[in-house]
Every structure is written in structure tokens, then in C-alpha cells.
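Enquirer: Going down the list, the protein sequences come from chains F and W.
Numbering follows the numbering used here, with no gaps: position 200 of the first sequence is 200.
Numbering follows the numbering used here, with no gaps: position 156 of the second sequence is 156.
2 protein chains.
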Amino acid sequence: MFRDLSRPIETGMPTYPGDPEVTLAPDATHEADGYATGELRTGTHAGTHVDAPRHTLSDGTTIDEADPGRFAFDARFVDLRALAPREAIGTEALSGAVGDGSGTLGDAVDLLVLRTGWAARWGTDRYRDHPYLTEAAAAWCRDRGVGVGLDTFGPDPTASGSGSDVTAASDEPDGTPAHDALLSDSLPIVENLCGLDDLPTRFRLYAFPLRLRGGDGSPVRAVAEWERG
Amino acid sequence: MFRDLSRPIETGMPTYPGDPEVTLAPDATHEADGYATGELRTGTHAGTHVDAPRHTLSDGTTIDEADPGRFAFDARFVDLRALAPREAIGTEALSGAVGDGSGTLGDAVDLLVLRTGWAARWGTDRYRDHPYLTEAAAAWCRDRGVGVGLDTFGPDPTASGSGSDVTAASDEPDGTPAHDALLSDSLPIVENLCGLDDLPTRFRLYAFPLRLRGGDGSPVRAVAEWERG
Numbered sequence: 001m002f003r004d005l006s007r008p009i010e011t012g013m014p015t016y017p018g019d020p021e022v023t024l025a026p027d028a029t030h031e032a033d034g035y036a037t038g039e040l041r042t043g044t045h046a047g048t049h050v051d052a053p054r055h056t057l058s059d060g061t062t063i064d065e066a067d068p069g070r071f072a073f074d075a076r077f078v079d080l081r082a083l084a085p086r087e088a089i090g091t092e093a094l095s096g097a098v099g100d101g102s103g104t105l106g107d108a109v110d111l112l113v114l115r116t117g118w119a120a121r122w123g124t125d126r127y128r129d130h131p132y133l134t135e136a137a138a139a140w141c142r143d144r145g146v147g148v149g150l151d152t153f154g155p156d157p158t159a160s161g162s163g164s165d166v167t168a169a170s171d172e173p174d175g176t177p178a179h180d181a182l183l184s185d186s187l188p189i190v191e192n193l194c195g196l197d198d199l200p201t202r203f204r205l206y207a208f209p210l211r212l213r214g215g216d217g218s219p220v221r222a223v224a225e226w227e228r229g
Numbered sequence: 001m002f003r004d005l006s007r008p009i010e011t012g013m014p015t016y017p018g019d020p021e022v023t024l025a026p027d028a029t030h031e032a033d034g035y036a037t038g039e040l041r042t043g044t045h046a047g048t049h050v051d052a053p054r055h056t057l058s059d060g061t062t063i064d065e066a067d068p069g070r071f072a073f074d075a076r077f078v079d080l081r082a083l084a085p086r087e088a089i090g091t092e093a094l095s096g097a098v099g100d101g102s103g104t105l106g107d108a109v110d111l112l113v114l115r116t117g118w119a120a121r122w123g124t125d126r127y128r129d130h131p132y133l134t135e136a137a138a139a140w141c142r143d144r145g146v147g148v149g150l151d152t153f154g155p156d157p158t159a160s161g162s163g164s165d166v167t168a169a170s171d172e173p174d175g176t177p178a179h180d181a182l183l184s185d186s187l188p189i190v191e192n193l194c195g196l197d198d199l200p201t202r203f204r205l206y207a208f209p210l211r212l213r214g215g216d217g218s219p220v221r222a223v224a225e226w227e228r229g
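In C-alpha cells, the structure reads:
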């Protein structure tokens, strides 16, 4: 069976702070042209999307340079529920939440799908106060050759909105250290996933980027598939 | 193994006559922002893409209304090589080219991938003079419950460019009868495929549309997968 793990793409949808607005407008119409087409304007990191190494690494590869088969993932679900706003997810929390707590990933896993629960805050200022991966936790993933999917803006902290009553801890990192740890080894990051409740432990995740020439990332349709138990 | 069947998406790429120009431009930059993002402007039918029923049917469903699992196709390759410009592909040509010539599709096929050879003309005026499906051939597909993928602008004729020396036959249809025959039964159409040479007879084709709210179609990353023989 299949499940859609993707945000709708529509005019005025929530975007990462500073990213371009998304618009989807009619172009040809049935009345005037006999068929309908539209024009989409979108940031390369709008909605559910994948990051290319070029996103945070100026000498990183672009999204069209990766073999698209890499984005048919053998995914493992990791439920990190009961996290606080802006909580750091460290190596121990991550390894402890993987299956039996031994930190053993299992054969052929190439993506960890981390459920923080933050998907429920999509479209509100609180979505920006998501938990994040420490650089060490991201390096732990890198050392195991797995990329990361998340139900947040990304694996690094996002600046709070003006209405937030959450204070960043003094040791919250600047920059994009978790991105860098993963992308430096060309490990994909899939962001703004939704629909992660009650996924099976193992599934296939399709998140093929558009073939954007020189692109730093791409919106995707993220779709999970697994055998009905 | 996997094979990419998708056109690159880039500024100034070829588009269907009258469709919006495609641009992919930098937005955030490493120098100014510490990371790179871009802004994509594209028609909903640019490059390799899927059509929703709404594309040619004013009361048809939109691309976000379809179960995304429908776009993980059990595809069958149909090689129609040696076609003339603007040649009509009729029911007999189609059924004759399917496998053993009996017109039997085999179990679980839900998409015919038709290789006309027109992919080699991409980016030239001659790409517009592609062969097309007759309404009867499209209805033959519909009656078997299969959608169609093509290495052309689509299953209906495209208006010739000003430099074309090919004359349309007097019985070339107006409008979008082949589209309508397929889309009226919600059968997907995948257009502007490439890389179809020497595909196996059966493969899986992933062509998940973006979740464009109310969209009449979507650019896709079309990826074939099959077991190495």
C-alpha cells in the first residue's frame, strides 16, 4: 500500500523564512484555449523537498548530478515523540530510538525517517521552534551511510518567529552543521514530511527530485510504500 | 536497476507552443545567506510531466485528487519505431506492436510506454511534427484500463512550427480527442519522456506528480526500475 507524505503545494502556502512565495496560477484556460495549464512559481525548498549538497556547501554537487535511483529509499521509521520545542536530538536519543535500542539499523537502510511530531504545527509560528539534530547526531547518521527525512523545516534550528515564547538555548548552533555533516557525504535530506503517524518500521520511500539543472534542491512528491501486513 | 527518463528542467528549455517560459534563478546565496536556494518558474506541463483529467476536461479531476500510488506504474514498453512525421498510430498498429502481436497486455499492466523515436528531435521544430494516437487507439487503451507514456508532446497532434515542411493530413483531428479518451476515464498520460531506447518489455515506472492543489498536471521525475537480467 501507498501513503502520501507530502504537503500540498498552493498559492500562499507556508515557506521557510525568507524563501520565495509560492504561487500557482492559471495560464491556458478551457474557455480561451480548449485546455487548461498553469504556471507554478516556487522556491526550490518549498513544501516537502530534498536538499542537494549544493544547498549548504558551495562546492557541493547539484540535485541533477545524483543518480535518481538514490531517491527510492529503503527507509526506517524512527519515532522521537515527546520532544520539547527547540530540543537538541543527540546521538544517544537517536540511537536509543532506533528499533530495539541497540542502534543497529538493519540491512539496506539508507534513510532514517524521524518523526518529531512537529508536523502538527505546520502553518503556525511554532513550526519554526522544531527540535533539531546535533552535529554529532548527524555525523552518527553519516557514519552509517544513511540520509535523514524529517517532519520539520530541517535538521538544523530555524530562527524563531516574532510571536514565539520559546527561547533558544545558549548552545544552539549557528549555521547549518547538521546539514553539512550529511551533505558533505552526499547523504540526502528530505524535509517537511507529513503523515508520519503509525508508519511501519520499514518501508520504501520515493522522493525523486525534479531534474533541475544546477539545482540546490527540489520539491518532491514523497510517497511511502509497504506490503500490507 | 534504475534509468532516468526525464528531461532536464532549466532556463529557456523547450516548451509546448504557447506555454510559459521556464526559468530557474538563484534566490539565497552562499555569499549573502550562508546557503543556496533557487526560484523555479514553470508551466505545469513543462518537460517530462503528467496530465490530470482537468487538463483537457473542464469538469475533470485535478492532479492532487489522484492517489499518488497510481503513479508507480507497472509499465509495458511498446516500440513503434519507423514512423513518419505526423503519422497516425491506429488501433492495429498499436495492438500489433504490443509484444507477440496478439494485443494481450499481460497481467497488471497499467501504462503503455510508447517509443515513437521522436525524443531525438527534442529542441527542434521537428519535435512538433510527432506521430499521434487516433481517438480509436486511445479508446483501445482506455478499454484495457491502461494509461499512456510517450516520447512526444502528447498523444494528440501539435501545430507545426513555421519552419516545418511537413503537411498535416486532411483527416488530422482538431482538439484533444486522444487526451479526452484517456482522461475521461482518469487514465494518466506521461509526456516528453526520453531515454526509451532498449528498455525491457516490463518495468516499473515512477512518475509521481507534485501535489499541486487544483493542478491540471505536473512536471515529474520519471524513473524506470527493473531487475537486472
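Beta carbons: idealized from backbone N, C-alpha and C, even for Gly.
Roughly how many angstroms lie between the CA atoms of W:G229 and W:T201, to the nearest whole one?
Expert: By 1-based counting over the second sequence, the position of residue 229 of chain W is 229. By 1-based counting over the second sequence, the position of residue 201 of chain W is 201. Their backbone Cα atoms lie some 12 Å apart in a straight line.
Enquirer: What does F:H55 touch in chain W if you count any residue whose Cβ is under 8 Å from its own?
Expert: Working through the first sequence from its first residue, we reach residue 55 of chain F at position 55. Going along chain W in sequence order, the residues near F:H55 (Cβ under 8 Å) are Y35, A36, T37.
Enquirer: Who are the Cβ neighbours of F:E87 in its own chain at under 7 Å, not counting the five residues just before and after it?
Expert: Taking the first residue of the first sequence as position 1, residue 87 of chain F is located at position 87. Contacts found: P131.
Enquirer: Could you confirm whether any beta carbon from chain F is found closer than 7 Å to the beta carbon of W:T44?
Expert: Position 44 of the second sequence, counting from 1, holds the residue named residue 44 of chain W. Closer than 7 Å to some Cβ of chain F, the Cβ of W:T44 qualifies, so yes.
Enquirer: Applying the criterion that 16 or more other CB atoms from any shown protein chain within 10 Å of the CB defines a buried residue, is F:S58 buried or exposed?
Expert: The sequence position of residue 58 of chain F within the first sequence is 58, counting from 1. Under this definition F:S58 is an exposed residue.
Enquirer: State the start and end residues of the unbroken alpha helix (DSSP H) segment that holds F:E135.
Expert: On the first sequence, position 135 is the one that residue 135 of chain F refers to. Per DSSP, the unbroken alpha helix (DSSP H) holding F:E135 starts and ends at 135 to 143.
Enquirer: Using a Cβ-Cβ cut-off of 7 Å, state whether F:I9 counts as contacting chain W.
Expert: As a first step, residue 9 of chain F is located in the first sequence; it is residue number 9 there, counting from the start. Taking Cβ atoms only, chain W reaches closer than 7 Å to F:I9, which makes this a yes.
Enquirer: Taking a contact to mean a Cβ-Cβ separation below 7 Å, would you say W:D180 touches W:H55 in this structure?
Expert: The sequence position of residue 180 of chain W within the second sequence is 180, counting from 1. The sequence position of residue 55 of chain W within the second sequence is 55, counting from 1. No, the pair does not count as a contact, with Cβ atoms beyond the cut-off.
Enquirer: In terms of alpha-carbon separation, which member of W:T176, W:G214, W:A120 lies closest to W:L83?
Expert: As a working note, residue 83 of chain W is residue 83 in the second sequence. Of W:T176, W:G214, W:A120, the residue nearest in Cα terms is W:A120.
Enquirer: Among residues of its own chain, excluding the 5 on either side of F:P8, which ones have a beta-carbon nearer than 8 Å to its beta-carbon?
Expert: If you number the first sequence from 1, residue 8 of chain F lands on position 8. G47.
Enquirer: Any heavy atom of the ligand PLP closer than 6 Å to the CB of W:G217?
Expert: No copy of the ligand PLP appears in this structure; indeed no ligand is present at all.
Enquirer: For F:T158, which residues does DSSP report across the bridge?
Expert: Taking the first residue of the first sequence as 1, we reach residue 158 of chain F at position 158. When DSSP reads this structure, F:T158 sits in no beta bridge, so it has no partner.
Enquirer: With DSSP as the reference, please indicate the residues paired to F:Y127 in a beta bridge.
Expert: As a first step, residue 127 of chain F must be located in the first sequence, where it is residue number 127. DSSP output for F:Y127 lists no bridge partner at all.
Enquirer: Would you give the residue range spanned by the beta strand (DSSP E) that W:L111 belongs to?
Expert: Taking the second sequence and counting its residues from 1, one reaches residue 111 of chain W at position 111. Element bounds for W:L111: 111 to 115.
Enquirer: Please work out which residues of its chain come closer than 6 Å, Cβ to Cβ, to W:R204, disregarding the five sequence neighbours upstream and downstream, and give them in chain order.
Expert: As a working mapping, residue 204 of chain W is identified with position 204 in the second sequence. Taking W:R204 as the centre and dropping the five residues before and after it, the same chain places the C-beta of E225 closer than 6 Å to its C-beta, in chain order.
Enquirer: Could you work out which residues of chain W lie near F:R221, taking near to mean beta carbons separated by less than 7 Å?
Expert: Reading the first sequence from its first residue, position 221 is the one you call residue 221 of chain F. The answer, in chain order, is P68, F208, P209, L210, R211.
Enquirer: I'd like to know whether the C-beta of W:D27 is nearer than 7 Å to at least one C-beta of chain F.
Expert: What you label residue 27 of chain W is simply residue 27 of the second sequence in a count that begins at 1. It does: the Cβ of W:D27 has a partner Cβ on chain F nearer than 7 Å.
Enquirer: With C-beta atoms as the reference, is F:R213 less than 7 Å away from F:D185?
Expert: One-based indexing of the first sequence puts residue 213 of chain F at position 213. One-based indexing of the first sequence puts residue 185 of chain F at position 185. No; because the gap between Cβ atoms is not below 7 Å, this pair is not in contact.
Enquirer: Determine, for W:L5, whether the minimum Cβ-Cβ distance to residues of chain F falls below 7 Å.
Expert: The residue labelled residue 5 of chain W in the question sits at position 5 within the second sequence. False, the Cβ-Cβ gap to chain F never drops below 7 Å.
Enquirer: Less than 6 Å between C-beta atoms, sequence neighbours within five positions excluded: which residues of the same chain meet that for W:E39?
Expert: As a first step, residue 39 of chain W must be located in the second sequence, where it is residue number 39. A25, D27, listed in sequence order.
Enquirer: From F:R126 to W:A75, what does the alpha carbon distance come to, in whole angstroms?
Expert: Here residue 126 of chain F refers to the residue found at position 126 when the first sequence is read from its first residue. Here residue 75 of chain W refers to the residue found at position 75 when the second sequence is read from its first residue. In this structure, the straight-line span from the alpha carbon of F:R126 to that of W:A75 is close to 44 Å.
Enquirer: Give the C-beta separation of W:D19 and F:T37 to the nearest angstrom, bearing in mind that I take them to be a contact with Cβ-Cβ under 8 Å.
Expert: What you label residue 19 of chain W is simply residue 19 of the second sequence in a count that begins at 1. What you label residue 37 of chain F is simply residue 37 of the first sequence in a count that begins at 1. Rounded, the Cβ-Cβ distance is 6 Å, consistent with contact.
Enquirer: In terms of residues, what are the limits of the alpha helix (DSSP H) holding W:P177?
Expert: For the purposes of this step, residue 177 of chain W is identified with residue 177 of the second sequence, where counting begins at 1. Note, W:P177: alpha helix (DSSP H), 177 to 183.
Enquirer: Take W:S170 as the anchor and find which of W:P157, W:F71, W:E191, W:T23 has the nearest alpha-carbon.
Expert: In the second sequence, residue 170 of chain W corresponds to position 170, counting from 1. Ranking W:P157, W:F71, W:E191, W:T23 by Cα distance to W:S170 puts W:P157 first.
Enquirer: State the start and end residues of the unbroken beta strand (DSSP E) segment that holds W:S218.
Expert: For the purposes of this step, residue 218 of chain W is taken as the residue at position 218 of the second sequence. Here the beta strand (DSSP E) through W:S218 covers 217 to 219.
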